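Written below as structure tokens is the structure these notes are about.
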Amino acid sequence: MGFLQIQNKQKLLILPPPYFLMKISKQDKKEGLIRLIPENLEDLWHIERVLSPGDKVQAVSWRSFKANEKSAQEKKKINVTLQAEKIEFARHANRLRVTGKILSGTPEEYVQAGSFHTIDVEPGTSLSIYKDWRGHHLSRLKEAVVQTRRPLLHMLVMDERKALMASMRGFGINYEWELENRASKREESKKQIEGEKQFFGEILSRLQLLKDVNKIIVAGPGFAPKNFSEFAKQKDAKLSSRFIMEHCSYAERNGVNELMKRGIVSRVAADERVALEMQIMDEFKLKLAKSSDKICYGIKNVKEAIEISAAEKVLVLDELLRNKKEVDEIIEMAEKNKVKVMIFSHESDGGAELDGFGGLIAFLRFALPPKE
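Quick look at the structure:
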């Protein structure tokens, strides 16, 4: 079982809630233990998908206690370990609920082994998970932590006088740079136009230095964002095609906060994942329509493809992975064979399409041998 190597060195960042960094605070290979501290809803979502019925979960919780029939019920703080039977991500309640039979706990007078209890895991809750950690479980946790370090998208807020560049990562907003238009408002019209071109050119040069650019939200008051977009289109059409034009009231940090509060940033980030899943499913359906022998689906066929090293990429539905041990073992074998694995959420449109093909698909390097 390979365990994650996570470094905790972080630079100072501006962190508007709830975007913080999930911590993996302890790992014990012998015990099969990983202790996590989730810091946002996305972290809870990832944890829900690595938990399975039968896993042992330990956390601080609250339990109702009644000293005798005449006394009122009281909530008592307990440290409890239970064997998970039901795992539910309550998105609207901002918590992950893990229900199961109590194995042990303290103080003992408030904890009865064998009785049922529910642990409510919220952002900031320390949670210990004991399980047989498979490669795809660790990959998901690693993805959750590494995602926080990688820019999900960039934001440029600007007006005719200044521009501010920010990047959104899983852990928060990092303010990259600020520029000012050095041309004076009092200068004649021709010089103002030249000053604007120079200002736009400086912004564009900075954007061209960005790595792994996917989408850039360009926003601000007035006509400056639109004018800059037109300027960029003439100079670098490929880069400008990644612009998403929006409006905000400020060309400063308040403008970035406004985009966050209006849900624009989270919508664009979510759309990126949805678009990727749909693109891959479209590719699969196109090959299917052409009767291509470079794809297969279903547990039996995908398993065979992995066993003979024909599989290049495997798509699997999260619910199938959790509920079928055979599928869990197939994905473990795929990862050992260096096959790329993508886990689709059953809640997404791409996941719904994948479910229609049995929840398991493989793209192949070469065709499977003909069936006798």
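Per this note's numbering, residue 1121 is the first one in the sequence shown, and the count goes up by one each step. For each residue, glycine too, the CB sits at the ideal point set by N, CA and C. Predicted, not measured: the structure shown is a model, and the values here were computed from it.
Would residue i and residue j qualify as a contact pair, given that the criterion is a beta-carbon distance under 8 Å?
i     : j     : result
G1066 : Q1232 : No answer is possible for residue 1066: it lies beyond the span of the chain, which begins at 1121 and ends at 1492.
L1435 : M1462 : yes
N1107 : G1234 : Residue 1107 falls outside the range modelled here, since the chain spans only 1121 to 1492, and no answer is possible.
V1459 : K1433 : yes
T1245 : V1218 : no
I1450 : K1423 : yes
V1376 : V1447 : no
A1303 : K1311 : yes
H1274 : L1330 : yes
W1253 : I1400 : no
K1414 : L1484 : yes
N1334 : R1373 : no
D1175 : Y1250 : yes
Under DSSP, the beta strand (DSSP E) around residue i begins and ends at which residues?
i     : result
A1179 : 1176-1185
Q1203 : 1194-1210
R1215 : 1215-1226
A1431 : 1431-1437
L1359 : Looking at the DSSP string, L1359 is not in any beta strand (DSSP E); the run it does join, the alpha helix (DSSP H), is 1357-1360.
S1325 : Segment 1309-1328 is the alpha helix (DSSP H) holding S1325; no beta strand (DSSP E) there.
Q1147 : 1143-1148
A1248 : According to the sequence provided, residue 1248 is Ser. The question's Ala does not apply to it. Counting along the chain, the beta strand (DSSP E) containing S1248 begins and ends at 1247-1250.
R1281 : Careful: R1281 lies outside any beta strand (DSSP E) and carries neither H nor E.
Assuming residue i is part of the alpha helix (DSSP H), what are its boundary residues?
i     : result
I1426 : 1419-1427
L1379 : 1373-1381
V1447 : 1445-1456
D1469 : 1469-1475
Evaluate residue i with the Cβ neighbour count: other Cβ atoms within 10 Å of its Cβ, from every protein chain shown; 16 or more gives buried, anything less gives exposed.
i     : result
P1243 : buried
F1343 : exposed
T1201 : buried
N1301 : buried
V1513 : Residue 1513 lies beyond the range of the chain shown here (1121 to 1492); nothing can be said about it.
R1169 : buried
S1360 : buried
I1428 : exposed
F1236 : exposed
P1345 : buried
A1482 : buried
L1396 : exposed
Q1328 : exposed
L1247 : buried
Q1354 : exposed
L1480 : buried
Q1178 : buried
Which value, in whole angstroms, describes the spacing of the CA atoms of residue i and residue j?
i     : j     : result
K1196 : S1184 : 6 Å
D1240 : S1172 : 16 Å
E1159 : K1143 : 8 Å
G1290 : N1188 : With a pLDDT of only 49 at G1290, under the threshold of 50, the placement of this residue in the model should not be trusted, and no figure is reported.
W1165 : V1338 : 29 Å
P1489 : S1412 : 14 Å
E1439 : L1284 : 42 Å
G1255 : K1282 : 47 Å
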